[in-house]
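Structure, as structure tokens:
In the UniProt record's numbering, the protein residues as written are 1 to 132.
As structure tokens, this is what we get:
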């Protein structure tokens, strides 16, 4: 349960341990996913290097698109993993579950869906409107 106690200044040790376990578990899953994606990318490169005879422009384009997709996946996984590292650091600091923008508590429902959230819904919406 990713609950923070809004009536007290902190969380119980049991809550912190439970949150840490949840964040660490997801981080480990992302690490395994990254390692698998790296292996798949290496296999794709080996096939690409060994299978170029008779390639036309469409074959080359397909291989380039596959390589770009694999690299994009790796970057996405690394980014998500970094978000969980940041969430764990915030947990250690005692700031996990509070908005980095306004320091308001992040709703429990948001943390349950997106455990690495660093902003409340209001601040997130403001940032998105400015970016658009």
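Ideal placement from N, C-alpha and C gives every residue a C-beta, glycine not left out. Keep in mind that this is a model prediction, so the values were computed, not measured.
- Between residue 101 and residue 127, the gap from beta carbon to beta carbon is short of 9 Å.
- A distance of 9 Å or more separates the beta carbons of residue 34 and residue 88.
- Using a C-beta cut-off of 8 Å, the stretch 22-29 makes contact with the stretch 110-125, since at least three inter-stretch Cβ pairs fall below that distance.
- Looking at the DSSP output, residue 105 shares a beta bridge with 98.
- Between residue 91 and residue 67, the C-beta spacing is not below 9 Å.
- Ranked by Cα distance from residue 30, the first of 106, 72, 132 and 81 is 81.
- DSSP places residue 119 outside any alpha helix (DSSP H), giving it a letter other than H or E.
- Around the beta-carbon of residue 83, 16 or more other beta-carbon atoms lie within 10 Å, marking it buried.
- With fewer than 16 other Cβ atoms inside 10 Å of its own Cβ, residue 94 counts as exposed.
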